[in-house]
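In short: position in the sequence shown from 1, add 330, done, that's this note's numbering.
Backbone N, C-alpha and C define an ideal beta-carbon position, used for all residues, glycine too.
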Amino acid sequence: MKTMTTLACTVAMTAGAAFADGHAQNWDMPMAYSATNFHSEQGVMFAERVKEYTNGAINITVHPGGSLFGGGDIKRAVQTGQVPIGERFMSAHANEAPLLGWDNLPFLATTYADNSKLWEAARDTVNAQLADLNLVALYTCPWPGQGFYFNKKVNSSADTQGIKFRSYNSATATFAEELGMIPVQVEAAELSQALATGVASAFISSGSTGYDRKVWEHLSHYYKVNAWLPRNYVIVNSQSWDALDDATRAGMQKAADETGAACAAKSEELADFYFAELAKNGMTVEDAGPDFLTELKAIGEKMTAEWLETAGADGQAIIDAYNN
Ligand code: PCA
331 MKTMTTLACT VAMTAGAAFA DGHAQNWDMP MAYSATNFHS EQGVMFAERV KEYTNGAINI
391 TVHPGGSLFG GGDIKRAVQT GQVPIGERFM SAHANEAPLL GWDNLPFLAT TYADNSKLWE
451 AARDTVNAQL ADLNLVALYT CPWPGQGFYF NKKVNSSADT QGIKFRSYNS ATATFAEELG
511 MIPVQVEAAE LSQALATGVA SAFISSGSTG YDRKVWEHLS HYYKVNAWLP RNYVIVNSQS
571 WDALDDATRA GMQKAADETG AACAAKSEEL ADFYFAELAK NGMTVEDAGP DFLTELKAIG
631 EKMTAEWLET AGADGQAIID AYNN
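Shown next as structure tokens:
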């Protein structure tokens, strides 16, 4: 937070000056995940495209790995204009705005094609919700499918009782509790440390985060479940967005559309690579067994019902639109 005041000043000075004086705006973009993660690499390509398509009017500097703001602080930093733009895991905000958990519904959309169809069904509702939060989403990008990491073989919930489980949002905390585990929320950037110090010894995520954090140093088993493909999103402060002229906004949106498509393709391309790397580094990578899967599906149904209670008619409309 030490940089907040400086940043606020920078934003205040550049915002509104827009292009009246013809000067470029420098935008700092905090991102939550490690520099070598594909989301972050795509963020850098986004910044390059933005520069090109806005003819140098917007110059974005990417700060990956939670280095400028920690993952849990990025949304607020963008909302309040401490930075004009940032990237974060969308469903981490479902505790505040349940609709943002649309991509966390277990076993609803488990392929990239279906996930993309689900986003199409959710997009307008989600964007309206984001507008209420003073945010504009420029692009979203899916993580590979989610599965479970453990330090032992797990056949069913009989094997998961009492395990300390790293969760990344309220839905995964619920999932853990249903399996008799004890959830603790930890940022991906701090995951290796949490595993090393025994703060957690299991978690749910994609192969991507296990690979980024070299979790084979601490854990032995990955169970592919492919329960959902949650998304990150790049968000802009509404006032910063509105202050841009039409041509600059169009240039940024073009850059965002291209990056969103490229990022989803990259995620799909890498999904099996990550599993291979986990296995190469000594982990047992396999499908969840039938007993475990049956339990996970039952918990999934319960979680979906709970989500619908909080997300209301808008949530149901997303699922209905997806199913039609
Ligand atoms: N990795 C991120 C979110 C989803 C994923 O696959 C994480 O574990 O924090």
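Check for me: the beta strand (DSSP E) holding Ser522 runs from which residue to which?
Element bounds for Ser522: not the beta strand (DSSP E) but the alpha helix (DSSP H), Leu521 to Ala526.
Can we count Ala518 as close to ligand 1, meaning its CB is less than 7 Å from some heavy atom?
Under cutoff, so the answer is yes.
Distance between beta carbons of Ala354 and Ile388, contact taken as under 8 Å:
7 Å
Between the alpha carbons of Leu438 and Ala651, how many angstroms are there, rounded?
When rounded, the distance between both Cα atoms is 13 Å.
Spatial neighbours of Ala452 within its chain, please: C-beta separation below 7 Å, excluding the five flanking residues on both sides.
Trp432 and Ile648
Note down, in chain order, each residue of its chain lying with its Cβ closer than 6 Å to the Cβ of Lys554, except the 5 sequence neighbours on either side.
Gly477 and Asp617
Under a Cβ-count criterion, where at least 16 other Cβ atoms within 10 Å of its own Cβ denotes burial, should Gln459 be classed as buried or exposed?
buried
Under the three-state reduction of DSSP, which class applies to Arg579: helix, strand or coil?
helix
Assess, as a yes-or-no matter, whether the stretch 361 to 373 is touched by the stretch 413 to 420 under the definition of 3 or more beta carbon pairs within less than 8 Å.
yes
Quick one: give me the first and last residue of the beta strand (DSSP E) that Glu547 is part of.
Under the DSSP assignment, Glu547 falls outside any beta strand (DSSP E); it carries neither an H nor an E label.
So, helix, strand or coil for Gln412, using DSSP?
coil
Cα-Cα separation between Leu638 and Thr504, rounded to whole angstroms
15 Å
For Ala422, the three-state DSSP class (helix, strand or coil):
helix
Report the rounded CA-to-CA distance for Glu371 versus Ser597, giving the unit in angstroms.
Near 11 Å, if we compare the C-alpha coordinates of Ser597 and Glu371.
Glu507, DSSP secondary structure in three states
helix
Nearest-angstrom Cα separation, counted from Leu574 out to Val514
40 Å
Flag this pair as yes or no: are the beta carbons of Gly581 and Thr384 separated by less than 8 Å?
yes
Quick check on the burial criterion: 16 or more other C-beta atoms within 10 angstroms. Buried or exposed for Leu517?
It should be pointed out that residue 517 corresponds to Glu in this sequence rather than to Leu. Label assigned to Glu517: buried.
Is the beta carbon of Thr391 sitting closer than 8 Å to the one on Asn356?
Taking the C-beta atoms as reference points, Asn356 is found nearer than 8 Å to Thr391.
Rounded C-alpha distance that separates Phe603 from Asp542:
12 Å
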